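Right, one structure below, let's go through it.
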Amino acid sequence: MWRALYSAAARAILPFALLRLWWRGRREPLYRRDLGERFGTYEFTSERPVLWVHAVSVGEARAAAPLVEALREQFPDSDVLVTCMTAAGRAMVKQVFGESVLAAWLPYDLPGAVRRFLEHFRPRLGILVETEIWPNLLATCRDFGVPVVLASARLSEKSARGYRRWPGLARPAFASLAAVCAQTAADAERLAALGARNVSVAGNLKFDIVPNPAQASQGRAWRAALGRPVLLFASTREGEERLLLEALPAGSEETLVVVVPRHPQRFEEVAALAAGRRSRGDVPRPQDRVFLGDTMGEMAFYYAAADVAVIGGSFAPLGGQNLIEACAAGTPAVLGPSMYNFAEPARLAVQAGAALQAENAHAAMRLAVRLLGDETRRREMGRAGEALCEAHRGATVRHLAVCRVLLA
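Per our numbering, the sequence shown starts with residue 1, numbered consecutively.
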């Protein structure tokens, strides 16, 4: 009954979802492409067995990269299909994997759409990255005999409370998962309490991401050519750029601030604050103070080019963005107060001395400027970040072991 009510509600809001999709397509034309896929209709297929990975957006697509590569290596006779929901995520899949994987939109969570998706591709295995719980999709996978793994799974206490309000819908969905590879023991406990079976602690796939060597080399050369301190605002969200720039203390005018917004649809908005932008090949002039990083898939370049990184999404109640990339690049990180989406990596990074956490934007900017003037401390924090990532690698191997069992 609960799922029937959910499906009826999903159908009712479908016209508004399509209008929003078309509206977002003004800035990101990719949203207006292949609309049939949103309803389970596809113009391509595979003649080989399919292993399906769902990465909803950019962060999940990056996180899935080590596992996707491992699946391609371990199962060379199969095709890997990567589905997304956002234009930025699909663009990231194209940049990271090129033509080595199949890429498509995941259909809306309507019974007919997900049934057509599964009938078309007949995946041997489904892998949902992080927290993607779709009741109709999971129920239909169960009916079709498609085992589904929740990979690198995380679930905050706040999110768990939300699911507990709808037990008739949430518990059958979690119970439909064939296996759950949780990031931490706390995540595993919350997921099991909601009805998930075969739950294990496999770690965070993001720790297995290795910075692109060519991009890192280019970033270091770019910074050396500038001959001035570089402060990176990484993956910023709406309103954070002005907040952080206004919080910069006096005397930091020599510093070049490189701003990389989290969402590409905001590039033009943030460009009003910058004197130059990377997509045009601009080279910052000595008098320029703000530079826009408006390219996708180049975070390894930006982190290598920075002396200190301030992690966006953490100065509003948004839960923060991925700080592990900064640690892997050996770049000291400064975090804002809101890091609940990356609570465990943030705790580990602060504990290891790879990151500092501030209570607000002004405090964060004071910490960042102090670090810019302390090369010894920056080197210590950089080494601590690299050591932290090295110590927590191995999630891909553990995930792959679970996938092998289900495929057998």
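Beta carbons are placed, not taken as given, at the ideal position from N, Cα and C, and that holds for glycine. From a predicted model like this one, the values you see are computed outputs, not experimental measurements.
Residue j beta carbon less than 8 Å from that of residue i
i	j	result
Trp-105	Leu-81	no
Gly-353	Glu-380	yes
Leu-256	Val-230	yes
Ala-306	Gln-215	no
Ala-361	Leu-244	yes
Phe-97	Val-56	no
Leu-194	Phe-174	yes
Ala-103	Arg-124	no
Thr-236	Glu-344	no
Gly-40	Val-114	yes
Ala-387	Pro-211	no
Leu-177	Val-148	yes
Val-334	Leu-356	yes
Phe-315	Glu-246	no
Val-50	Asp-77	no
Member of the options whose CA lies at the smallest distance from the CA of residue i
i	options	result
Arg-223	Val-308, Ser-176, Leu-356 and Arg-62	Val-308
Leu-323	Ala-55, Gly-89, Glu-47 and Phe-207	Phe-207
Tyr-108	Phe-291, Gly-251 and Arg-38	Arg-38
Tyr-340	Asn-198, Gly-319 and Gly-145	Gly-319
Ala-363	Leu-14, Ala-188, Ala-395 and Val-310	Val-310
Leu-292	Met-299, Arg-277, Pro-284 and Pro-286	Arg-277
Met-376	Glu-43, Val-405 and Pro-332	Before going further, note that residue 376 is Thr rather than Met in the sequence given. Minimum Cα distance to Thr-376 is reached at Pro-332.
Pro-29	Pro-264, Ala-188 and Tyr-6	Pro-264
Glu-390	Val-369, Leu-372 and Glu-325	Glu-325
Cys-84	Val-405, Asp-34 and Gly-219	Asp-34
Leu-248	Pro-66, Pro-284 and Val-290	Val-290
Glu-119	Val-129, Cys-141 and Asn-136	Cys-141
Ser-279	Pro-286, Arg-285, Gln-287 and Glu-268	Glu-268
Glu-254	Ala-272, Gln-287 and Ala-274	Gln-287
Range of the contiguous beta strand (DSSP E) that encloses residue i
i	result
Phe-174	Looking at the DSSP string, Phe-174 is not in any beta strand (DSSP E); the run it does join, the alpha helix (DSSP H), is 167-175.
Thr-83	79-84
Gly-410	Limits of the chain in this structure are 1 at one end and 408 at the other, which puts residue 410 out of reach.
Ala-186	Per DSSP, Ala-186 belongs to no beta strand (DSSP E); it is in the alpha helix (DSSP H), 185-193.
Gly-126	125-129
Trp-52	50-54
Ala-103	102-105
Ala-179	179-182
Counted within 10 angstroms of its Cβ, other Cβ atoms place residue i as buried (16 or more) or exposed
i	result
Gln-74	exposed
Arg-262	buried
Arg-62	buried
Phe-117	buried
Met-299	buried
Ala-358	buried
Ile-209	buried
Thr-45	exposed
Gly-394	exposed
Gly-162	exposed
Asp-187	buried
Start-to-end residues for the alpha helix (DSSP H) that takes in residue i
i	result
His-120	111-121
Gln-74	58-74
Trp-22	2-24
Leu-137	135-144
Ser-46	From DSSP, Ser-46 is part of no alpha helix (DSSP H); its letter is neither H nor E.
Phe-291	Taken as a continuous stretch (DSSP letters only), Phe-291 belongs to no alpha helix (DSSP H), being part of the beta strand (DSSP E) at 290-292.
Ser-156	Looking at the DSSP string, Ser-156 is not in any alpha helix (DSSP H), and its letter there is neither H nor E.
Inset, instruction - Write down every uninterrupted run of the beta strand (DSSP E) in the region 252-282 whose length is 3 residues or greater and which is fully enclosed by it, in chain order. - result: 256-261
Legend entry - Minimum length 3: unbroken beta strand (DSSP E) runs contained in the region 330-362: 333-335 and 355-357
Inset, instruction - Please specify which runs of the alpha helix (DSSP H), each continuous and at least 4 residues long, are wholly inside the region 197-245, giving them in chain order. - result: 213-226
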